[in-house]
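Position one of the sequence shown corresponds to residue 242 (the numbering used here), numbered consecutively onward. From the three backbone atoms N, C-alpha and C, an ideal C-beta is built for every residue, glycine too.
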Amino acid sequence: MRDLDHVEDVEEQDVLVLNTTMACPLSCDFCCYGCNPNRKERMPLDRALDLIDQAARIPSISSVGFTGGEPLMFRDDFDAMIARLKVHGLPFTVATAGHWAADPEAATQTADAMVDAGLRRINFSYDDAHAVFIPREAIINGAKAVARHGVPVYLVGTFAHPDRKLETFLPELCDVPNVRMFSKVIAKVGRGKKAEVDYGPEHLRKVATCYRRIHHDIVVFWDGKTYPCCSTFNRATQGICVGNAFEEPLRDIRDRIEASFLIRTLKRKGFEEFHGILEKHAPELNAAIPQFRDYPGACSACNAIFAKRDMAKRVNDFFNDFETKSILESLDHLERILGDRKAAAVFQELSHLCSTQEETHHAHGT
Numbered sequence: 242m243r244d245l246d247h248v249e250d251v252e253e254q255d256v257l258v259l260n261t262t263m264a265c266p267l268s269c270d271f272c273c274y275g276c277n278p279n280r281k282e283r284m285p286l287d288r289a290l291d292l293i294d295q296a297a298r299i300p301s302i303s304s305v306g307f308t309g310g311e312p313l314m315f316r317d318d319f320d321a322m323i324a325r326l327k328v329h330g331l332p333f334t335v336a337t338a339g340h341w342a343a344d345p346e347a348a349t350q351t352a353d354a355m356v357d358a359g360l361r362r363i364n365f366s367y368d369d370a371h372a373v374f375i376p377r378e379a380i381i382n383g384a385k386a387v388a389r390h391g392v393p394v395y396l397v398g399t400f401a402h403p404d405r406k407l408e409t410f411l412p413e414l415c416d417v418p419n420v421r422m423f424s425k426v427i428a429k430v431g432r433g434k435k436a437e438v439d440y441g442p443e444h445l446r447k448v449a450t451c452y453r454r455i456h457h458d459i460v461v462f463w464d465g466k467t468y469p470c471c472s473t474f475n476r477a478t479q480g481i482c483v484g485n486a487f488e489e490p491l492r493d494i495r496d497r498i499e500a501s502f503l504i505r506t507l508k509r510k511g512f513e514e515f516h517g518i519l520e521k522h523a524p525e526l527n528a529a530i531p532q533f534r535d536y537p538g539a540c541s542a543c544n545a546i547f548a549k550r551d552m553a554k555r556v557n558d559f560f561n562d563f564e565t566k567s568i569l570e571s572l573d574h575l576e577r578i579l580g581d582r583k584a585a586a587v588f589q590e591l592s593h594l595c596s597t598q599e600e601t602h603h604a605h606g607t
């Protein structure tokens, strides 16, 4: 059990992200998932609690994130989930629109309850689209109620032009301790596909790797479908779905993500390495897929390549074959250096080590 008195000091490693519902009090005009108050999708509470229990047994998972939809839409479920996290001593983060903070007293009570259960950070979304549904006072109330505990508060605004900044939209919170502001540009996915977006000079400074290069956001949606990232494009990119957490152990999915040479290449090396490997070893395939240079960032490029299952399968099959061939070539090279007998001893030791680690995981239920 972790010490929740110092959750801000917990180094963030892998994160289990629960996207528990598509329901939301808002209907923002750029919502990546098309959320609204009438959406019915909702993760069964017993499934969510089981995933939390599994996450607590996986050493690499350092926290749980809640998103949606609006994760506080079904308050009884949310309270039960964070209570279970407190039992395990597992900290959590929340991404919310802040509808629950319109009343200052209610904002304080909710913030206190979350902090007591192990809240390590909260993200409030606020911009022109959110302001149609949520009064600015709610964001101010909620941000201050959490920040006074010393817990980091991230305010995230999403705009159609890179010159729009959240600081001019919420000046009341600019100098509040523990509050930080982030301004983003609308992603062309979901309702955002219809937005007229100017990416401006930011397009020229785009990052070619995943936003998390080493560890993973393991995102489980309301129906169990699981993705290796928190990108706004994930649900629209079926080719990167890594399984269903309602049908197999969470640990197996996590191990599959880490073992994937394709995912490791995209996350840690980026699209330049990805296209470089393809251009060298499968130039026809590389010519057939969308190119990173034509998209504003890694997430949109990933979506363009992996949204279609047939293309995603071709790329996945190539990288699986490429990794297998690379491993076999490395083994042959090792045999040439050490000789057959010494190489066999090394392989046997590695096999024994892997088996021992696997037995240890099962013995501890991890």
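For residue j and residue i, the rounded distance between their alpha carbons
i      : j      : result
Asp357 : Phe271 : 33 Å
Ala370 : Met355 : 26 Å
Gly538 : Gly431 : 17 Å
Thr337 : Ala372 : 13 Å
Ser424 : Glu514 : 29 Å
Lys385 : Glu590 : 56 Å
Ile293 : Gly330 : 11 Å
Val387 : Glu346 : 13 Å
Phe307 : Met422 : 20 Å
Ala523 : Asn279 : 46 Å
Ala324 : Tyr536 : 42 Å
Asp404 : Val448 : 19 Å
Pro285 : Glu525 : 45 Å
Gly359 : Arg316 : 17 Å
Lys521 : Glu570 : 17 Å
Lys583 : Glu576 : 8 Å
Ile518 : Glu564 : 11 Å
Thr351 : Lys327 : 15 Å
Ile504 : Asn561 : 11 Å
Asn557 : Thr506 : 12 Å
CA nearest to the CA of residue i, picked from the options
i      : options                        : result
Asp353 : Gly330, Asp320, Ala370         : Asp320
Thr262 : Ile504, Arg389, Phe462         : Phe462
Ala486 : His390, Met552, Glu253, Ala289 : Ala289
Lys429 : Lys385, Val387, Phe400, Met422 : Phe400
Arg377 : Thr351, Lys521, Ala343, Lys425 : Ala343
Ile381 : His402, His340, Arg362         : His340
Thr450 : Val426, Val438, Cys543, Lys406 : Cys543
Ala379 : Asp255, Ser366, Gly391         : Ser366
Thr349 : Asp368, Arg389, Ala436         : Arg389
Val426 : Ser541, Arg454, His516, Ile375 : Ser541
Glu253 : Pro266, Glu311, His456, Asn419 : His456
Leu414 : Gly433, Lys435, Ala436, Gly383 : Gly383
His516 : Ile504, Ser501, Phe502, Gln532 : Gln532
Val258 : Gln295, Arg505, Asn277, Cys265 : Gln295
For residue i, three-class secondary structure by DSSP
i      : result
His421 : Note that residue 421 is Arg in the sequence shown here, rather than His. In this structure, Arg421 counts as strand in the three-state DSSP scheme.
Thr506 : helix
Phe515 : helix
Glu600 : Reliability fails at Glu600, whose pLDDT of 47 lies under 50, so the model's placement of it is uncertain and the value that follows must be treated cautiously. DSSP places Glu600 in helix when its eight states are reduced to three.
Gly465 : coil
Val328 : helix
Asp255 : strand
Leu411 : coil
Gly310 : coil
Arg243 : Below a pLDDT of 50, predicted positions are generally treated as unreliable, and Arg243, at 44, falls in that range; the measurement from the model is reported next regardless. It is coil, neither helix nor strand.
Arg497 : helix
Ala336 : strand
Gly359 : coil
Ile299 : coil
Gly275 : coil
Phe374 : coil
Phe365 : strand
Ala585 : helix
Residue environment, residue i, which counts as buried when at least 16 other CB atoms sit within 10 Å
i      : result
Ser567 : exposed
Pro412 : exposed
Lys508 : buried
Arg476 : buried
Ile481 : buried
Asp368 : buried
His574 : exposed
Asn260 : buried
Tyr452 : exposed
Ile578 : exposed
Leu267 : buried
Pro332 : buried
Thr334 : buried
Asp244 : Caution is warranted here: a pLDDT of 43 is assigned to Asp244, below 50, making its placement in the model unreliable, and the coordinate value is therefore given only provisionally. By the neighbour-count rule (16 or more Cβ atoms within 10 Å), Asp244 is not buried but exposed.
Distance cut-off 7 Å: residue i Cβ against heavy atoms of the ligand PLP
i      : result
Pro393 : This structure simply doesn't include the ligand PLP, nor any ligand for that matter.
Min CB distance residue i to chain D below 8 Å
i      : result
Asp458 : Structure shown: chain D not included; a single protein chain is present.
Please determine if the stretch 453-470 and the stretch 492-503 are in contact, where contact requires at least 3 C-beta pairs separated by less than 8 Å.
-> Verdict: yes, contact present.
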